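One line per chain: the protein sequences are A and B, in this order.
Under my numbering, think of the first position of the first sequence as 1, with each following residue one higher.
Under my numbering, think of the first position of the second sequence as 339, with each following residue one higher.
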Amino acid sequence: MKTTLRSAAFLESRAEDWAELETLVRKAETGGLKALSTAQLHRLPVLYRQLVASLSVARRTTMDQHTLKYLEGLAAEAYIAVHGSRSTRRGAFRRFLFERFPREVRAIAGEVGLATGFMALGVVVAIGLMNTDPGWYDAFVDPGLAAGRDPNANTDTLREALYGGGEMSEGGTLSVFAGFLFVHNARIGLTAFALGFAAGIPTALLMFSTGLMLGGFIHLYASRGLLFELGGWMLPHGIPEIGAVILCGAAGLHIGRQVLRPGRLTVRDAMVQAGRRGSIVATGSVALFAIAGVIEGVFRQVVTDDILRYGLAAFNGLWFAMVFTLLGRKRDDGQGRP
Amino acid sequence: MKRELIGPEGVALSFPLASRMSRAMAFFVDIGIIMATTGVLGLLALLATVGVQRLEPLAGTLVAGFVIRYAYFAYFEHRWHGSTPGKRLFRLKVVSRDGAPLDGDAIIARNMMRDVEFFLPLMLLAAPQVVSGSAPLWLAFPTLLWIVVMAAMPLLNRDRARAGDLLGNTLVIELPRAPAPTFDTARTRTGSPLFSKANLEIYGEHELEELARILRITKDSPADQQPLELIAKTIRNKVGYDGPELPPEEFLQAFYTAQRAHLEQKLLLGYRKADKHSA
Chain A
1 MKTTLRSAAF
11 LESRAEDWAE
21 LETLVRKAET
31 GGLKALSTAQ
41 LHRLPVLYRQ
51 LVASLSVARR
61 TTMDQHTLKY
71 LEGLAAEAYI
81 AVHGSRSTRR
91 GAFRRFLFER
101 FPREVRAIAG
111 EVGLATGFMA
121 LGVVVAIGLM
131 NTDPGWYDAF
141 VDPGLAAGRD
151 PNANTDTLRE
161 ALYGGGEMSE
171 GGTLSVFAGF
181 LFVHNARIGL
191 TAFALGFAAG
201 IPTALLMFST
211 GLMLGGFIHL
221 YASRGLLFEL
231 GGWMLPHGIP
241 EIGAVILCGA
251 AGLHIGRQVL
261 RPGRLTVRDA
271 MVQAGRRGSI
281 VATGSVALFA
291 IAGVIEGVFR
301 QVVTDDILRY
311 GLAAFNGLWF
321 AMVFTLLGRK
331 RDDGQGRP
Chain B
339 MKRELIGPEG
349 VALSFPLASR
359 MSRAMAFFVD
369 IGIIMATTGV
379 LGLLALLATV
389 GVQRLEPLAG
399 TLVAGFVIRY
409 AYFAYFEHRW
419 HGSTPGKRLF
429 RLKVVSRDGA
439 PLDGDAIIAR
449 NMMRDVEFFL
459 PLMLLAAPQV
469 VSGSAPLWLA
479 FPTLLWIVVM
489 AAMPLLNRDR
499 ARAGDLLGNT
509 LVIELPRAPA
519 PTFDTARTRT
529 GSPLFSKANL
539 EIYGEHELEE
549 LARILRITKD
559 SPADQQPLEL
569 IAKTIRNKVG
579 YDGPELPPEE
589 FLQAFYTAQR
599 AHLEQKLLLG
609 YRKADKHSA
């Protein structure tokens, strides 16, 4: 008479496969999947799936907790090796920038409008207040940023500020300037996005205060009859730069809005969804900041001809509009996701 | 602490949640690497700038510093599948809470927040005027609140998630390690059955597991003396065993095998006996 444990027989018959899986997994953990041969690479998912299936059975049937713990641990290890990695298709960067980024921007078009609205409100408020008292300027524009361009400056100084800077082209100073502008602006943009986490309120404030600053400048230059010249100075880089700030703000507001009105989702799920979408928009905006930085740091300083400046502004406006209306319409990003 | 993820196979797997301490340590290692790299680059750029008498190298470092700071975590988490040099050192890994493979969106989302969670508060503390400009004083209070909430976030929820984890829907786990397997606890037994059906109706799975544990210790570390004799006697009396007298260890082994076979047989018919108290 022989007493045999069914569970033991079940486990024993698979022990060899598990040992094999264990060696593969440990190898992959130290050296990555590259450490495995082609044959081993084919074995890994097969063995993993067998183990997961056995684990489900063992959970219901085995009376041996020690073995169960081993299986649980091995399955977790193998999960990391099998699912923790993911192959990336070629051209991920290009697809991100020219397909997903515009698509996600279109998806949050409402928030883009909202962010633009907050900024426009800032501009209007600043102009309105400065109409009654130009002294408001100091409240809107940081003196450090204004660098002497304030209501007390005479018109020539203000004009000079729009066309000066050419002397900086010596010795590569402009490149530093461009680099600085890019880093500075991109950080503001990313902060605007991340602050959306606090129900979007800081983001809205940031949009508004940027609008105030813009309005302050516009009013100052308009009051001296330099509006056209200011346009030539500001628009070429302003289109990608202010556009990027608005997009980052919109991404932040999107999170805030989803948190406040999650609809049928839980707040957490809504936030996750908004966060992913928003971070794509914010990351894409960094590219816009880089373009703006080069234009602002180099082109603006070197080219002082109004017609050329407006020409570039028009060109920028054109591609900016085209990128966000036309690109990424074809729904294939290789991830099976619309 | 453990967290369960349901993998694509539909089976829940449990992972040890990374401790806050090891996460903080990993983070500081990564920050150290970032600072060292940026520092070395800056030094090289400075030398180059002096060498060529132009400022382009400096501009390059400025941008490179930005890129390194923002892309470091995302790059490594992408290439190393949820791990960075610091995380690797402490055997940590980022996984997606939904059990699916960690995707690029989640990585970007969780690392975007890092700046606001850590660097921004740090700068606010070190040099408030740089961040807030000439912002009024009343803004200081919400800012302070923000810092506190952000910093305390991983302490406030059971997943130890920081804001970035919340946004990216990710968990940071410790790499699981399976214990060494043992397949030798009294598998089969030949000979006539020692126990009657009535003998085996007393104990349940809990007692069986305890017995397995004691037998395993006896086998693995003989130095660690277990009161086998006492246990054998208790079991004998409890189940009403009236078979031949056996040495304690042999008796317990035999009882374990018989009891387990019995419980498994009953399980096959749909009856589960958790412990001696359950019917």
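We treat Cβ as the ideally placed atom computed from N, Cα and C, and that holds for glycine.
If you're wondering where the values come from, they're calculated on a predicted model, not measured in any experiment.
| Check | Outcome |
| --- | --- |
| Evaluate the contact criterion for the region 262-273 of chain A versus the region 349-367 of chain B: three or more CB pairs, one atom per stretch, below 8 Å. | no |
| Go to A:Thr155, then tell me how far its beta strand (DSSP E) extends in each direction, as first and last residue. | Run containing A:Thr155: none in the beta strand (DSSP E); it sits in the alpha helix (DSSP H), 155-163. |
| Tell me which residue opens and which closes the beta strand (DSSP E) that B:Glu512 is part of. | 508-512 |
| Take B:Thr375 as the anchor and find which of B:Tyr410, B:Gln603, B:Leu460, B:Glu539 has the nearest alpha-carbon. | B:Tyr410 |
| Looking at the structure shown, is B:Lys611 part of a helix, part of a strand, or coil, going by DSSP? | coil |
| Can you say whether B:Gln391 is buried or exposed, counting buried as having 16 or more other CB atoms within 10 angstroms of its CB? | exposed |
| According to DSSP, simplified to helix, strand and coil, what is B:Pro439? | coil |
| With DSSP run on the structure shown, which of helix, strand or coil describes B:Glu342? | strand |
| Quick check on the DSSP output: the alpha helix (DSSP H) that includes B:Leu568 runs from which residue to which? | 566-577 |
| When you compare the CB positions of A:Gly211 and A:Leu253, do they come within less than 7 Å of one another, or not? | no |
| Can you grab the Cα-Cα spacing for the pair B:Phe593 / B:Phe533, in whole Å? | 8 Å |
| Check whether the Cβ atoms of A:Leu247 and A:Val286 lie closer than 7 Å to each other. | no |
| Kindly say whether A:Glu241, judged by its beta-carbon, lies nearer than 7 Å to any beta-carbon of chain B. | no |
| Mind pulling the chain B residues with CB within less than 9 Å of A:Ile80? | Phe353, His419, Gly420, Lys431, Val433, Ile511, Leu513, Pro514 |
| Report the rounded CA-to-CA distance for B:Thr595 versus A:Arg59, giving the unit in angstroms. | 19 Å |
| Considering only C-alpha positions, which residue in the set A:Leu44, A:Ala9, A:Ile239, A:Glu229 is nearest to A:Gly293? | A:Ile239 |
| Where do the N-terminal and C-terminal ends of the beta strand (DSSP E) with A:Val123 fall, by residue? | Careful: A:Val123 lies outside any beta strand (DSSP E), inside the alpha helix (DSSP H) at 109-132. |
| Measure the C-alpha to C-alpha separation of A:Leu68 and A:Val57 and round it to an integer number of angstroms. | 10 Å |
| Counting pairs of Cβ atoms below 8 Å between the region 300-309 of chain A and the region 226-241 of chain A, do you hit three or more? | yes |
| Report, in whole angstroms, the separation of the C-beta atoms of B:His419 and A:Gly84, which I expect to be a contact under 8 Å. | 5 Å |
| Can you check whether the C-beta of B:Ile446 is within less than 7 Å of a C-beta belonging to chain A? | yes |
| If we ignore side chains and look at the alpha-carbon of each, how far apart do B:Met450 and A:Leu190 end up? | 8 Å |
| Which one of A:Leu214, A:Ala186, A:Tyr70 has the shortest CA to CA distance from A:Val124? | A:Leu214 |
| Compute the distance between the beta-carbons of B:Val401 and A:Gly179, then report whether it is under 7 Å. | yes |
| Distance cutoff 7 Å, beta carbons only. Does B:Asp558 sit that close to anything in chain A? | no |
| Which one of A:Val52, A:Leu55, A:Glu20 has the shortest CA to CA distance from A:Leu41? | A:Glu20 |
| Which whole-angstrom value is the C-beta distance of A:Ile255 and A:Gly275, which I expect to be below 8 Å? | 6 Å |
| Who are the neighbours of B:Asn537 on chain A, taking C-beta pairs under 9 Å? | Residues of chain A passing the Cβ test: none, with the nearest at roughly 13 Å. |
| Pairing CB atoms from the region 552-569 of chain B with CB atoms from the region 493-505 of chain B, are three or more of them under 8 Å? | no |
| When DSSP labels each residue in this structure, what does B:Ala356 get in the three-state scheme? | coil |
| Considering just the uninterrupted stretch of the alpha helix (DSSP H) at A:Ser223, what are its terminal residues? | 201-223 |
| Is there a Cβ of chain A sitting closer than 7 Å to that of B:Glu548, yes or no? | no |
| Tell me the rounded alpha-carbon separation between B:Leu343 and B:Val454. | 28 Å |
| Can you list, in chain order, the residues of the region 584-604 of chain B whose Cβ is nearer than 7 Å to any Cβ on chain A? | Thr595, Ala596, Arg598, Ala599, Leu601, Glu602 |
| Go ahead and label A:Thr325 buried or exposed: buried means 16 or more other beta carbons lie within 10 angstroms of its beta carbon, across all protein chains shown. | exposed |
| Terminal residues of the continuous beta strand (DSSP E) containing B:Val432? | 430-434 |
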